[in-house]
Amino acid sequence: MAKIAFEKITKQYEGTAKPAVDAVTFELQEGTTCMLVGTSGSGKTTLLRMVNRLIEPTAGAILIDGKNVLEEDPILLRRRIGYVIQQVGLFPHMNIAENVRITAEIAGGWTKQRLAERVVELLDLVGLPAAEYRSRFPRQLSGGQQQRVGLARALATDPAILLMDEPFGALDAITRARMQDELLRIQRDVHKTILFVSHDIEEAFKLGDQIAVLSEGKLIQLGSPIELLAHPADDFVRKLVGADSILRQLQYLPVSTAIVQELDSNAAAAGSVLFSCSSSATLLQAMFTLIEKNVTALNVYDEETQEHIGYVTLTSINREVSKTHSELAAK
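With this note's numbering as the guide, the letters of the sequence shown map in order to residues 108 to 438.
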């Protein structure tokens, strides 16, 4: 794994009045996913491409585990950073196994046997069983399957860092959702440090441990999805993340925000609490369970310790959403 630190990183193109990226400073912790969001022209892709030096910074520094990337050979740097883009760029004359293998072959240091094993591992990892897909050609795959191959190829050399520039942007909504789920599953296994550009705020909320909001080249806010939803830095962030939306709050605020330690008289009168939910479940998931099971309360347990930590009710959910909505309205 690797940590990325941006230190007043700036990019100004010749002949332009304002920088494309303007003195951006933040850190991306190892093994986490940071989503870069903002309007078109906000500097998201420029910032991403400065990490692997496809674009050279004008000023500032980008440190990977404390080492400035500007002091490294750019070719060697790129060989240890995975890169996934919207246009997958598979070689049409190569089968799928060859497309995945070529990155590791170029990097060197792999035996033929290990390369063959690695192809099988990666295709299985991205949900394309090698026995079925390794001999196929790109034209024989759907868009979603091609994107999976692109992800496998980016992971071929086992890079600590993965740069993803709107990789699912050209896919239909159903395939995009499936690929997002696949990335979450894969990340649970491989724990890469991921920097991901997206125009889709729903995608950012779904995939990101952290979200960096950019506007006109400046970093406006960095925080978890919940932090951006509950405490947007300004009206731009508020509108971008949909912080005023009660449905958005229900979708992303965790049950842990609405826990009560004791049940009110109405809930207590309903008898024992038979159903449970995790503290990491969303308020919307808890609300659906309460309605579906026709119960007044759910036991809430800590996801890690499995210990009972309180209850959640429709009343406590409504109270939390109303409080958050009132706080936002007051800003």
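Glycine included, each C-beta is placed from N, C-alpha and C at the ideal position.
Exposed unless 16 or more other CB atoms sit within 10 angstroms - verdict on residue i
{"i": "Tyr418", "result": "buried"}
{"i": "Lys151", "result": "buried"}
{"i": "Pro236", "result": "exposed"}
{"i": "Ala376", "result": "With a pLDDT of only 48 at Ala376, under 50, the local geometry of the prediction cannot be trusted, and the value read off the model is given with reservation. Ala376 is exposed by the Cβ-count criterion."}
{"i": "Phe275", "result": "buried"}
{"i": "Arg368", "result": "Checking the sequence shown, residue 368 turns out to be Gln, not Arg. So Gln368 ends up on the exposed side."}
{"i": "Gly215", "result": "exposed"}
{"i": "Ser305", "result": "buried"}
{"i": "Gly122", "result": "exposed"}
{"i": "Arg292", "result": "exposed"}
{"i": "Pro181", "result": "exposed"}
{"i": "Val427", "result": "It should be pointed out that residue 427 corresponds to Glu in this sequence rather than to Val. Its Cβ being crowded by 16 or more others within 10 Å, Glu427 is buried."}
{"i": "Glu310", "result": "buried"}
{"i": "Gln247", "result": "exposed"}
{"i": "Asn159", "result": "buried"}
{"i": "Thr412", "result": "exposed"}
{"i": "Leu329", "result": "buried"}
{"i": "Gly324", "result": "buried"}
{"i": "Tyr120", "result": "exposed"}
{"i": "Arg283", "result": "buried"}
{"i": "Leu143", "result": "buried"}
Boundaries (first-last residue) of the alpha helix (DSSP H) holding residue i
{"i": "Lys151", "result": "151-158"}
{"i": "Ala130", "result": "Looking at the DSSP string, Ala130 is not in any alpha helix (DSSP H); the run it does join, the beta strand (DSSP E), is 128-135."}
{"i": "Tyr359", "result": "353-359"}
{"i": "Met66", "result": "Nothing in the structure corresponds to residue 66, since the chain is present only between 108 and 438."}
{"i": "Lys115", "result": "Element bounds for Lys115: not the alpha helix (DSSP H) but the beta strand (DSSP E), 111-118."}
{"i": "Thr264", "result": "No alpha helix (DSSP H) holds Thr264; DSSP gives it neither H nor E."}
{"i": "Phe312", "result": "308-314"}
{"i": "Thr210", "result": "203-214"}
Same chain, Cβ closer than 6 Å to residue i, five either side skipped, listed in chain order
{"i": "Val233", "result": "Arg255, Leu258, Ala259"}
{"i": "Arg241", "result": "Ile203, Ala204"}
{"i": "Ala388", "result": "Val362"}
{"i": "Ala277", "result": "Gln193"}
{"i": "Val380", "result": "Ala404, Asn406"}
{"i": "Arg187", "result": "Pro266"}
Integer-rounded CB distance, given that residue j should sit under 8 Å from residue i
{"i": "Leu155", "j": "Asp272", "result": "6 Å"}
{"i": "Ala365", "j": "Leu405", "result": "Wrong, their Cβ atoms sit about 10 Å apart, outside the cutoff."}
{"i": "Gln253", "j": "Leu197", "result": "6 Å"}
{"i": "Phe133", "j": "Ala267", "result": "Not a contact, Cβ separation roughly 18 Å."}
{"i": "Ala168", "j": "Glu114", "result": "4 Å"}
{"i": "Leu326", "j": "Val131", "result": "5 Å"}
{"i": "Thr140", "j": "Ile301", "result": "4 Å"}
Close Cβ partners of residue i (< 8 Å) along its chain, the five nearest in sequence each way excluded
{"i": "Arg285", "result": "Gly251"}
{"i": "Ile296", "result": "Per the sequence shown, residue 296 should be read as Asp rather than Ile. Only Leu232 meet the Cβ criterion."}
{"i": "Ser423", "result": "Ala365, Ile366, Val367"}
{"i": "Ser322", "result": "Gly145, Thr146, Ser149, Phe343"}
Opening and closing residue of the beta strand (DSSP E) in which residue i lies
{"i": "Val320", "result": "317-322"}
{"i": "Tyr418", "result": "415-420"}
{"i": "Gly189", "result": "188-192"}
{"i": "Gln107", "result": "No answer is possible for residue 107: it lies beyond the span of the chain, which begins at 108 and ends at 438."}
{"i": "Met142", "result": "140-145"}
{"i": "Asp272", "result": "268-272"}
{"i": "Ile293", "result": "Per DSSP, Ile293 belongs to no beta strand (DSSP E); it is in the alpha helix (DSSP H), 280-297."}
{"i": "Val407", "result": "404-408"}
{"i": "Phe303", "result": "300-304"}
Proximal residues to residue i (C-beta, below 7 Å), its chain only, five neighbours per side dropped
{"i": "Phe153", "result": "Correcting the residue identity first, residue 153 is Thr in this sequence and not Phe. For Thr153, where only same-chain residues beyond five positions count, the Cβ hits under 7 Å are Lys118, Ala127, Val128, Ile162."}
{"i": "Leu229", "result": "Val207, Ala259, Leu262, Ala263"}
{"i": "Gln136", "result": "Lys110"}
{"i": "Leu184", "result": "Asn159, Arg160, Val176"}
{"i": "Gln358", "result": "Thr389, Leu391"}
{"i": "Ala280", "result": "none"}
Residue i beta carbon near the ligand HEM (any heavy atom closer than 7 Å)
{"i": "Ala112", "result": "The ligand HEM is absent from the structure shown, which contains no ligands of any kind."}
| task | Tell me, please, whether the stretch 325-339 touches the stretch 163-181 by the rule of three or more beta-carbon pairs shorter than 8 Å. | result | no
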